[in-house]
Structures are given as C-alpha cells and as structure tokens.
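Take 1 as the starting number for the sequence shown in the numbering used here and just add one per residue.
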Amino acid sequence: MMKKLLSILLALVIMPFGQAYSMMFDDEDYDGIFSDFTSESEYAESVFLLYDIGVLSGNSDGTFAGDRPLNRAELSKLLLNAVVYTDLDDLGGCFEDLNAGAWYEIYVCNAKELGYVRGDGDSGLFRPSGTTNVAEALSALNMIFEWGVDTESAAVWYEPLFVEAGLQSILVDGLDPDTAITRAVFADILAKAVVNYDLEQEVFVGFTDYYEWVYANIDDYDDYLGDLMEEFYENGGEWSHNHGDEDDILALYKINGSDGLELIEGVDEADYRAIWEKFKSIFPREIRPTLKEFAIFSDGLEETLAYVQQASTSSKEWRIAIDHQDAYVDGLDDAEFVLTLIHEFGHLVTLHPAQVPPNESVYLNTLSDVEYEQLIDDCLPRYFTGEGCALAESYINVFYQTFWSGFGDEYEDILYIADDMEYYTALEEFYEKYKDQFLNDYAATNPAEDIAESWTAFVLDDKPAGNSVAQEKVLFFYDYPEMLALRKVIRDAVSE
1 MMKKLLSILL
11 ALVIMPFGQA
21 YSMMFDDEDY
31 DGIFSDFTSE
41 SEYAESVFLL
51 YDIGVLSGNS
61 DGTFAGDRPL
71 NRAELSKLLL
81 NAVVYTDLDD
91 LGGCFEDLNA
101 GAWYEIYVCN
111 AKELGYVRGD
121 GDSGLFRPSG
131 TTNVAEALSA
141 LNMIFEWGVD
151 TESAAVWYEP
161 LFVEAGLQSI
171 LVDGLDPDTA
181 ITRAVFADIL
191 AKAVVNYDLE
201 QEVFVGFTDY
211 YEWVYANIDD
221 YDDYLGDLME
231 EFYENGGEWS
241 HNHGDEDDIL
251 ALYKINGSDG
261 LELIEGVDEA
271 DYRAIWEKFK
281 SIFPREIRPT
291 LKEFAIFSDG
301 LEETLAYVQQ
311 ASTSSKEWRI
321 AIDHQDAYVD
331 GLDDAEFVLT
341 LIHEFGHLVT
351 LHPAQVPPNE
361 SVYLNTLSDV
371 EYEQLIDDCL
381 PRYFTGEGCA
391 LAESYINVFY
401 QTFWSGFGDE
411 YEDILYIADD
421 MEYYTALEEF
431 YEKYKDQFLN
441 DYAATNPAED
451 IAESWTAFVL
461 DDKPAGNSVA
471 QEKVLFFYDY
481 PEMLALRKVI
491 RDAVSE
C-alpha cells in the first residue's frame, strides 16, 4: 500500500479557486451518473471532480445521496481513495463491530493501520454506520494531507483545524464542529483539499497554468517609508521577494517539531531564544504551520524591526526575522514590538501558500525580465503582489478588488516614476488625496501593506462602528470565521 499523487486528470480539468470549478465540466456529460444528483445540484462540481478521479463512485442503487450524513465507514473509503493506491493490504477484523467480509472492512482496517481512524473512546468499537461530524472530518484531512496542524496543545482541539481549513478556503459557510457532515458537503471540502494537496506536490507542473502562479512578495514593516522606497529603486524598480540582507543575519534557526530551535548558522544566544519564546507565546504552533525558520538580524537601531520571507530550503515554507537590537530597545513586551509581530503575522496569513501558490522559478530567480513581466500581465485582473499572482478568492485579491481596483492607473502610474523625490511626493499626494481610505500613510504603500495594517487593527482594536473606507477594511476580516478564530487566539495571548 503506497501513498500516491492524485490522478493527473486533475491537471486537465481543474480551474483555480474563485471560479468554483464552474468551467470544469460539460453539464451533459455528468447528468445520469447518479439518479438523484445532477450537474445542477449544489456542490456538483466538487462531487463530479471526485468522481472523475476515482475518489467516489456513489451507492450500489445508483444514487449519490448527497444530503445523507456521511458515516464513518464511507469516510474511511474516501480518505484512502484520495491519497492511497487501490492495492490495499488484506486486513480485517480490526474492530469488534465490523461485519466480516463487509465492503467497508478492508477500508476501515487499512485506515486504522495508517492512523487515519480510530475506535470510539474506551469501547474499542468503530461504529461504521455512525455519523461523522465536521471536526472529525477536518481532523482526518489534517492527517491524510499532512497539514501539520497541532491539535493536542490547543485549548479547544478542533479550533486550529478550522483556522487551517479557512486559510485554505475549503470550508463551507455555517458549519459547526459538532454538526453531522453530509456526503455532498464533505465532497466539496475534500475536493478543495485535494486541489491544494496536488498544488503543493507540484502535480500540475508542465500541464496547466498553475505553473505560472508565483509566490508572493512579503514587504518589510518599516516605519521609514523612504528606506523602503530606496530599496525599491536599488532593485531596479521592482519589489524583491527577499527583503532581508543575508549579511545581516546573526543567527538562523530551524523550528523543529517540538517548536524548539535548532541552530543552522551563526551564533546561538540566550537573548535570541528569548525573542523566539515571546513570538511563540503570541502565535502558538497550531496557527502557523508554514513557519519553519526563525532568524535574528540587525541593520542598526530603529531601522527594520522584523520581516517575513520564504524559507531558505523551500518556497512553501516561511521565515520570520527579527532585529534583536530593536526588539530589546523598550523590551519584548513593548506595544510597538508586539504590534509589529502581529503585522508580520498578517503577511503570513494573507499570503499563505494556499492563497498565493509558490513558483520555483520565481523563488530561485531564474526568470528573465520578459518572463517576469509576462507573469504580471497574465495575472490580470487578479492582484500581482510583486512576485506572485493571488488566487481569485484569496484574502488579498478580494481585498484588492474591493478597495484598490477603483484607483485605476492612478496608483500604478506612481510605481513607474523614476525620480525618487518625484516618487515620494506622488505617493504622499496619493495618500493625502485618499486619506480617509487608509489607517495610516504606510498602508498606502501598496495593497500588501494595507491589508497587513488593517489586519493588525482588526486583531488589536475593538470592532469599528463607523463606515469610512479605512474602517471597512478592518471590518473586511469579520466576514471570515477563521479570521475571528485567529483574532481570539492572538488577543488572548497578548492579554496574558
């Protein structure tokens, strides 16, 4: 029995998130497969995607029964079909209440062997006909797709699962943890998780436009706009995906499985580790599964305090770097230091790989200027963050379409001003003209910083009561249950 990458048929039929797979299939090709479920049924695109790649096949009577609660036996089969070859080990009798020779026995026992399912409490029974609730379904997906979400250390074990599912844009609105999940709803969640998994495994490389998606630029949180813009021009008028100077790195650590630090390079210091302890006390492991590196640097007092960027070993993993001199100026409990960390974490959330999938060519800087410019053109009308094209329904693209698309060429023209002084002047005039639309002047730098500043206010401040555009940007996050869950985790940690 081996784990597999899902059928390459995905590469031929999948459309990006945000289009809801609506162009994935010809309606007429699917009508008649199930007697009770057609191409017009809710979640049809996801159900027929899973049908196409052999994950589900329906019931023996020709029905799909999408409204029926998913039972535990069916869950076992779907999990194995999603990630395992069909040559299952000949296992049986793994629970007392399994009927010997029943269709589900081999699936349940193989799933148990892999650790995907377990018995019910102390009874040792599996309850194959028992229903599956939403929390249990997400827990199973966490295991089979290796999300890396830690549920054991969470105050409420399922909360980090809902956060991760929200970040991956796979949740159906209105689902409660204890709600029995229906077959159709689970198919919708599973189909989206399958797509994310295949993207991470690069199944699509060479086959679809996913190869053209590139990783997002992560801008520094720099109190001095002039320093940030100077870097922009030093890079030839382009935002760089690497805002940290490797020469400034004093210590680089790998974040290990127990959330400890393993020194990769540089000098290990107790003060450096104390900064990490402060960071992880605010952002527990379960809400930052992609963060794999921690760096200490210094570029002098009161320059860049912190930044995030792709990790050194993988485009799908992230690093946070913190200036140890600035961190200790007023102490690790200083409000500005904590605010900056929350801002940088906002970049991690809004530019999660499931929101802006990484591209190795961009990460390794192997594209020519012409190829890079073509990526920008191909991204339209979605938001190009500097080095990546956001998915249509990603947080940052929805934010951009809602709050920035109305500027038209007015903002874009500013980016192409060659003279530094003229550029700064134009940007300042842009901010002054639309001052009521931004929380501060730094937010007017670009949409990536605007959404990060709005995220920071969302986390730290009370819910706005006004209706200015700047306040609407903060209210933007209240529409996402997973964001509210993150807010609670961080606020609780900060209040302690």
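In this text, a Cβ means the ideal position worked out from N, Cα and C, and glycines have one as well.
From a predicted model like this one, the values you see are computed outputs, not experimental measurements.
Item                                                                                                                : Value
Span separating the alpha-carbon of residue 255 from that of residue 290                                            : 10 Å
Same chain only: Cβ atoms within 7 Å of residue 77, ignoring 5 sequence neighbours per side                         : 104 and 107
Separation of residue 461 from residue 129, as counted between CA atoms                                             : 47 Å
For residue 318, the residue or residues it bridges with in DSSP                                                    : 291 and 310
Inter-residue spacing [alpha-carbon to alpha-carbon] between residue 421 and residue 439                            : 24 Å
Any 3 or more C-beta pairs closer than 8 Å across the region 329–346 and the region 438–457                         : yes
Nearest-angstrom Cβ-Cβ length linking residue 49 and residue 274, presumed shorter than 8 Å                         : The pair is not a contact, with the Cβ atoms about 48 Å apart (cut-off 8 Å).
Sequence ranges, alpha helix (DSSP H) only - wholly within the region 73–124, length at least 4                     : 105–114
Own chain, CB closer than 8 Å to residue 234, minus 5 neighbours either side, in chain order                        : Note that residue 234 has pLDDT 47, beneath the 50 cutoff, so the model's placement of it is unreliable and no number is given.
Distance between residue 120 and residue 101 (C-alpha atoms, nearest Å)                                             : 21 Å
Reduced DSSP secondary structure (H/G/I, E/B, other) of residue 166                                                 : helix
Backbone CA spacing between residue 115 and residue 142 [nearest angstrom]                                          : 11 Å
Reduced DSSP category for residue 262 - H, G, I as helix; E, B as strand; rest coil                                 : strand
Segments of 4+ residues assigned as alpha helix (DSSP H) that fall wholly inside the region 436–483                 : 447–460 and 469–475
Own chain residues within Cβ distance below 7 Å of residue 485, not counting five before or after                   : 159, 162 and 163
Per-residue DSSP class, three states only, for residue 142                                                          : helix
Which of helix, strand or coil DSSP assigns to residue 131                                                          : strand
Spatial distance of residue 69 from residue 381 (CA atoms)                                                          : 39 Å
Distance, residue 45 Cα to residue 131 Cα                                                                           : 24 Å
Of the listed residues 75, 311, 324 and 300, nearest to residue 270 (C-alpha basis)                                 : 324
Residue 133 classed as buried or exposed, judged by whether at least 16 other C-beta atoms fall within 10 angstroms : buried
Residue 297 versus residue 445: straight-line alpha-carbon distance, rounded                                        : 24 Å
Residues bridged to residue 30 (per DSSP)                                                                           : BP columns for residue 30 are empty, so no partner.
Inter-residue Cα distance where the pair is residue 260 and residue 396                                             : 31 Å
For residue 79, the nearest candidate out of 327, 99 and 109 (CA to CA)                                             : 109
Residue 450 classed as buried or exposed, judged by whether at least 16 other C-beta atoms fall within 10 angstroms : buried
Beta strand (DSSP E) segment containing residue 272, residue limits                                                 : Looking at the DSSP string, residue 272 is not in any beta strand (DSSP E); the run it does join, the alpha helix (DSSP H), is 270–282.
Contact under 9 Å by Cβ, residue 81 with residue 145                                                                : no
Identified DSSP bridge partners for residue 395                                                                     : Paired residues: none, contrary to the question.
Local conformation of residue 385 per DSSP, three classes                                                           : coil
Nearest-angstrom Cα separation, counted from residue 126 out to residue 97                                          : 7 Å
Buried versus exposed call for residue 63 [16 or more other C-beta atoms within 10 Å across all chains shown]       : exposed
Buried or exposed by the 16-neighbour rule on C-beta atoms within 10 Å, applied to residue 93                       : exposed
Minimum C-alpha distance to residue 334 - residue among 279, 427 and 476                                            : 279
Rounded Cβ spacing between residue 188 and residue 43 (contact assumed at less than 8 Å)                            : 4 Å
CB of residue 474 within 9 Å of CB of residue 287, strictly                                                         : no
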